[in-house]
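Data first, discussion second: the structure below is written as structure tokens.
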Amino acid sequence: MKNVFHLLCIALLTSSLYAQNYGLDKSYEKIESKVIEWRREIHQNPELSNREFKTAEKIAAHLRSLGIEVQTGVAHTGVVGVLKGNSPGKTVALRADIDALPVYERNDLPFKSTVTSEFLGETVGVMHACGHDTHTAILMGVAEVMAKNKDKIKGTVKFIFQPAEEGPPPGEEGGALLMVKEGVLKNPDVDAIFGLHINSQTPVGVIRYKSGGAMAAAQSFTIHVKGKQSHGSQPWAGVDPILISAKIIDGLQTIISRETELTNEAAVITVGKIKSGVRFNIIPESAEMLGTIRTLDYGMKDKLNKRMMEMVPTIAKAYGGEATIEIRDATDITYNDPNLVSAMLPTLQRVAGNDNIQEQKAITGAEDFSYFQREVPGFFFFLGGMTPGNTNSYPHHTPDFIIDDSGLILGVRALTELSLDYLNRS
Numbered sequence: 001m002k003n004v005f006h007l008l009c010i011a012l013l014t015s016s017l018y019a020q021n022y023g024l025d026k027s028y029e030k031i032e033s034k035v036i037e038w039r040r041e042i043h044q045n046p047e048l049s050n051r052e053f054k055t056a057e058k059i060a061a062h063l064r065s066l067g068i069e070v071q072t073g074v075a076h077t078g079v080v081g082v083l084k085g086n087s088p089g090k091t092v093a094l095r096a097d098i099d100a101l102p103v104y105e106r107n108d109l110p111f112k113s114t115v116t117s118e119f120l121g122e123t124v125g126v127m128h129a130c131g132h133d134t135h136t137a138i139l140m141g142v143a144e145v146m147a148k149n150k151d152k153i154k155g156t157v158k159f160i161f162q163p164a165e166e167g168p169p170p171g172e173e174g175g176a177l178l179m180v181k182e183g184v185l186k187n188p189d190v191d192a193i194f195g196l197h198i199n200s201q202t203p204v205g206v207i208r209y210k211s212g213g214a215m216a217a218a219q220s221f222t223i224h225v226k227g228k229q230s231h232g233s234q235p236w237a238g239v240d241p242i243l244i245s246a247k248i249i250d251g252l253q254t255i256i257s258r259e260t261e262l263t264n265e266a267a268v269i270t271v272g273k274i275k276s277g278v279r280f281n282i283i284p285e286s287a288e289m290l291g292t293i294r295t296l297d298y299g300m301k302d303k304l305n306k307r308m309m310e311m312v313p314t315i316a317k318a319y320g321g322e323a324t325i326e327i328r329d330a331t332d333i334t335y336n337d338p339n340l341v342s343a344m345l346p347t348l349q350r351v352a353g354n355d356n357i358q359e360q361k362a363i364t365g366a367e368d369f370s371y372f373q374r375e376v377p378g379f380f381f382f383l384g385g386m387t388p389g390n391t392n393s394y395p396h397h398t399p400d401f402i403i404d405d406s407g408l409i410l411g412v413r414a415l416t417e418l419s420l421d422y423l424n425r426s
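Numbering (full-length UniProt numbering), first residue to last: 1 to 426.
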């Protein structure tokens, strides 16, 4: 009987939360045009990881205008705002990433980016090709709605605007890992954290999620190949590092296709950059490859790392050369706390409608939001940004990436009401 009573209490609590109405519809209506305007301005003025100076200034000025306590310079260019409600309680954190990518934008949007910068010694275009501009604008909107409705907040809301989610430049620290190291989840101590990611291939109005492991751990690797330089007409007089690189790439793919039990979890090894040579008729002396590893299981991660460390120098030696490999952790597995997901799903169902909340399988994309989730329970979900009925949406990290602005207000509603429900329930 005691267990039945306990379950009844949980059911009643969940039901009351599901039916909660904070009367914020007019606030959402007023903020929508601002959120879109902020998003477009940020999109037109993107900045690379650990270089988000003007973006940070814009965010900090907005938070201060709302009377929110602001801290700047967190993890280099991060901004943190603390808003205390009219009643005491727990602390919930909301996170948005603010950096852009080294991508030339290729579309005819009136607010497209024409910014260029330097990345790894090369001149590159800079574009919000992953939607971080939308995340920033959404959280700025949430901050304004909540600052004007402090009477509805039982506890404290911490707004985390995080730099360098795409990874800090070589030789620098950054991102969520550095924010955690600098104590962003302390003073006040955060009890739970929520975050979202816009998705260009999910229709506007739809929210997708997965309980437990939702996104992959990401690692980066660098391979240096040493050969022997020769005239291009006399390959037998040298050792070709480009050929060796091709063989290494081929070998790495056999680790995935022939040694990894993909029926358990997905795994990926991708070489994203290869640099070698200066001229068409010279066999160069060396080559360098950069790539990424994605895993959703810690045992598989260890196995892939071990086999790569074994295979790379062995293949190079077989062709008369030498090779070294360095593997670095970039993000952990993005793990949505099952208890938190279960407790907060009614909120998402309320703000988006039952039919628009969809569970999905884990994906091999990665997020350094995972470093926050290692410290406190977290829930990270995907927000639709594709125009409904569109059959030609472009993936993230591409020059043609486009987001439909009409999807942003649902993000504001979702993060606002997740925060209020969590704090009021607590």
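No residue lacks a Cβ here, since even glycine has one placed at the ideal position from N, Cα and C.
Going along the chain, which unbroken runs of the beta strand (DSSP E) with 3 or more residues stay wholly within the segment 34-120?
Counting only runs of 3 or more, we get 69-74, 78-84, 87-97, 116-119.
Could you give the first and the last residue of the continuous beta strand (DSSP E) run that contains Met215?
Taking the sequence shown and counting its residues from 1, one reaches residue 215 at position 215. DSSP places Met215 in the uninterrupted beta strand (DSSP E) bounded by 212-226.
Can you look up Ser286 in the DSSP assignment and give me helix, strand or coil?
What you label residue 286 is simply residue 286 of the sequence shown in a count that begins at 1. Strand, per DSSP.
Is it true that the CB of Leu63 sits closer than 8 Å to the CB of Gly81?
Numbered from 1 along the sequence shown, position 81 holds the residue referred to as residue 81. Numbered from 1 along the sequence shown, position 63 holds the residue referred to as residue 63. The criterion of a C-beta distance shorter than 8 Å is satisfied by Gly81 and Leu63.
Residue(s) in a DSSP beta bridge with Lys154
One-based indexing of the sequence shown puts residue 154 at position 154. DSSP, once it has assigned bridges, lists Ser87 as partnering Lys154.
For Gly73 versus Ile207, is the C-beta spacing smaller than 8 Å?
Your numbering for residue 73 matches position 73 in the sequence shown. Your numbering for residue 207 matches position 207 in the sequence shown. Cβ distance not < 8 Å, so Gly73 and Ile207 don't count as in contact.
For Gln234, count neighbouring C-beta atoms within 10 Å of its own C-beta (all shown protein chains included) and say buried if the count is 16 or more, exposed if not.
Locating residue 234 in the sequence shown gives position 234, counting from the first residue. Residue environment for Gln234: exposed (fewer than 16 other C-beta atoms within 10 angstroms of its C-beta).
By how many angstroms is the C-alpha of Gly175 removed from the C-alpha of Lys226?
Taking the first residue of the sequence shown as position 1, residue 226 is located at position 226. Taking the first residue of the sequence shown as position 1, residue 175 is located at position 175. Rounded to the nearest whole angstrom, the C-alpha separation of Lys226 and Gly175 is 33 Å.
Please state the DSSP three-state secondary structure of Lys361.
Taking the first residue of the sequence shown as 1, we reach residue 361 at position 361. Lys361: coil per DSSP, three-state reduction.
Could you tell me the alpha carbon to alpha carbon distance between Thr314 and Val278, rounded to whole angstroms?
Position 314 of the sequence shown, counted from the first residue, corresponds to residue 314. Position 278 of the sequence shown, counted from the first residue, corresponds to residue 278. Thr314 and Val278: Cα-Cα distance of roughly 26 Å.
Using only alpha-carbon positions, find the residue among Glu182, Lys303, Val92, Glu144 that is nearest to Thr28.
Here residue 28 refers to the residue found at position 28 when the sequence shown is read from its first residue. Reading off the sequence, residue 28 comes out as Tyr, not Thr. Per the Cα distances, Glu144.
Between which two residues does the beta strand (DSSP E) carrying Lys148 extend?
Numbered from its first residue, the sequence shown carries residue 148 at position 148. Judged by DSSP secondary structure, Lys148 falls outside any beta strand (DSSP E); it is assigned neither H nor E.
C-alpha distance - Ile274 paired with Ile244, whole-angstrom precision:
Taking the sequence shown and counting its residues from 1, the one referred to as residue 274 is at position 274. Taking the sequence shown and counting its residues from 1, the one referred to as residue 244 is at position 244. So the two alpha carbons sit approximately 12 Å from each other.
What residue does the beta strand (DSSP E) around Thr347 start on, and which one ends it?
Here the question's residue 347 lines up with position 347 in the sequence shown. Per DSSP, Thr347 belongs to no beta strand (DSSP E); it is in the alpha helix (DSSP H), 338-352.
Determine the contact status of Ile255 and Ile403, defining contact as a CB-CB distance below 8 Å.
Position 255 of the sequence shown, counted from the first residue, corresponds to residue 255. Position 403 of the sequence shown, counted from the first residue, corresponds to residue 403. Contact: no.
Any contact between the segment 209-216 and the segment 329-349? By contact I mean 3 or more CB pairs, one from each, below 8 Å.
Yes: the two stretches touch, three or more of their Cβ pairs being nearer than 8 Å.
Thinking Ile248 and Ala316 are a contact (beta carbons under 8 Å), I'd like their distance in whole angstroms, please.
Sequence index remark: in the sequence shown, residue 248 carries index 248 (1-based). Sequence index remark: in the sequence shown, residue 316 carries index 316 (1-based). That pair is a contact at about 7 Å.
Give a yes or no on whether the C-beta atoms belonging to Arg328 and Gln219 are separated by under 8 Å.
Counted from its first residue, the sequence shown places residue 328 at position 328. Counted from its first residue, the sequence shown places residue 219 at position 219. Yes. Within cutoff.
Would you call the CB atoms of Asp332 and Ser276 closer than 8 Å?
On the sequence shown, position 332 is the one that residue 332 refers to. On the sequence shown, position 276 is the one that residue 276 refers to. No. Outside cutoff.
Pull up the distance between the alpha-carbon of Thr260 and that of Ala267, whole angstroms please.
Position 260 of the sequence shown holds residue 260. Position 267 of the sequence shown holds residue 267. Thr260 and Ala267: Cα-Cα distance of roughly 8 Å.
Could you give the first and the last residue of the continuous beta strand (DSSP E) run that contains Thr260?
Indexing the sequence shown from 1 puts residue 260 at position 260. Neither: Thr260 is in no beta strand (DSSP E) and is coded neither H nor E.
Would you decide whether His135 is buried or exposed? Buried here means 16 or more other CB atoms lie within 10 Å of its CB.
Reading the sequence shown from its first residue, position 135 is the one you call residue 135. Buried.
Are Ala147 and Arg39 touching if we call contact CB-CB under 8 Å?
Within the sequence shown, the letter at position 147 stands for residue 147. Within the sequence shown, the letter at position 39 stands for residue 39. Against a cut-off of 8 Å, the Cβ pair of Arg39 and Ala147 comes out as no contact.
Check for me: the beta strand (DSSP E) holding Glu326 runs from which residue to which?
Within the sequence shown, residue 326 is the residue found at index 326, counting from 1. Here the beta strand (DSSP E) through Glu326 covers 322-331.
Just verifying my parser: in three-state terms, what is the DSSP assignment at Gln201?
Position 201 of the sequence shown, counting from 1, holds the residue named residue 201. Looking at Gln201 - three-state DSSP - the assignment turns out to be strand.
Gly89 vs Lys154 beta-carbon contact at 8 Å:
By 1-based counting over the sequence shown, the position of residue 89 is 89. By 1-based counting over the sequence shown, the position of residue 154 is 154. The answer is yes: Cβ separation under 8 Å.
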